[in-house]
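Quick note on the working numbering: the sequence shown kicks off at 37 and runs consecutively.
Think of the CB as a built atom: it goes at the ideal place given N, C-alpha and C, for glycine as much as any other residue.
These numbers come from a predicted model, not from an experiment.
Here's the structure we're looking at; comments come further down.
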Amino acid sequence: MIILLPPSEGKEPGGTRAWGQTSGRFGRALAGAREPVIAALPLTSPAALKVRGATAAHAQLINASLVGSPVLAASDRYSGVVYQGLNFTTLAPAQQSVAQDSIVIVSGLLGLAGLGDPLPDYRAPMDASLEGLGKLAAYWKPIITPLLQKAAKREAVIDLLTQVHRSAVEPAGENWFTVDLVHSDVTGGHAAKFAKGQLARWLLDHDITELRRWKFQGWTAKVR
Numbered sequence: 037m038i039i040l041l042p043p044s045e046g047k048e049p050g051g052t053r054a055w056g057q058t059s060g061r062f063g064r065a066l067a068g069a070r071e072p073v074i075a076a077l078p079l080t081s082p083a084a085l086k087v088r089g090a091t092a093a094h095a096q097l098i099n100a101s102l103v104g105s106p107v108l109a110a111s112d113r114y115s116g117v118v119y120q121g122l123n124f125t126t127l128a129p130a131q132q133s134v135a136q137d138s139i140v141i142v143s144g145l146l147g148l149a150g151l152g153d154p155l156p157d158y159r160a161p162m163d164a165s166l167e168g169l170g171k172l173a174a175y176w177k178p179i180i181t182p183l184l185q186k187a188a189k190r191e192a193v194i195d196l197l198t199q200v201h202r203s204a205v206e207p208a209g210e211n212w213f214t215v216d217l218v219h220s221d222v223t224g225g226h227a228a229k230f231a232k233g234q235l236a237r238w239l240l241d242h243d244i245t246e247l248r249r250w251k252f253q254g255w256t257a258k259v260r
């Protein structure tokens, strides 16, 4: 099973060692495609990256020195609400191993990344339009879609992406399951993101055939 998750805007700083475009589970396959993104990010305005003020200054600083910058595992780097819901550090060791094998992140910088992959601190929203490169979603779509479609021929792919990140992939085949979270009283927001992390956590111990039985604080999973 592959569980597709978006990255988080919130990221823990710091790390050790040094990042390069060949790093991680998909590094060898996507290194060449990552290079133009790495080159374009320092040339892209804060407005295009959807940041301003002190956040803009920080984004420009980290984007200018990605190669060689300190890394944390994706499970430690991403600190947003989805990853709070997943709560990787509280998983049993066997569950952590399943999570690292199963969870694939669709990323504006990396294209695809595993949950255990070493990641730099960065700012690259999938809906950003980079200088000389255009929209990241449009750039990555023809590159990462074949990799995911190939995987879908072997195992179930469960798409828990946001609409922005879904625009970077093309679903295909009967093994691809697009999942939306539904609540009778709540629409989107932090609660939906936390529930998505909880769903990803639940899937580590459950089969795709059980997905329609999942419930969390009024949230259910709509499969299409």
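List the residues that DSSP assigns as beta-bridge partners of Thr256.
Val218 and Lys251
Starting from Val200, trace the beta strand (DSSP E) in both directions and tell me its first and last residue.
Premise fails: Val200 lies in the alpha helix (DSSP H), Gln199 to Arg202, not in any beta strand (DSSP E).
So, is Pro154 buried or exposed, given that buried needs 16 or more other C-beta atoms within 10 angstroms?
buried
Proximity below 7 Å, CB of Arg53 to CB of Ala95
no
Between Gln185 and Asp163, what straight-line distance do the alpha-carbon atoms span, to the nearest angstrom?
22 Å
Compute the distance between the beta-carbons of Thr80 and Leu145, then report whether it is under 7 Å.
no
Considering only their Cβ atoms, is the gap separating Leu217 from Ala228 smaller than 7 Å?
yes
Looking only at its own chain, which residues have a Cβ that is under 8 Å from the Cβ of Ile179, when we skip the five neighbours before and after it?
Leu66, Ala69 and Gly147
May I ask you to list the residues that DSSP assigns as paired with Ile98?
According to DSSP, Ile98 bridges with nothing at all.
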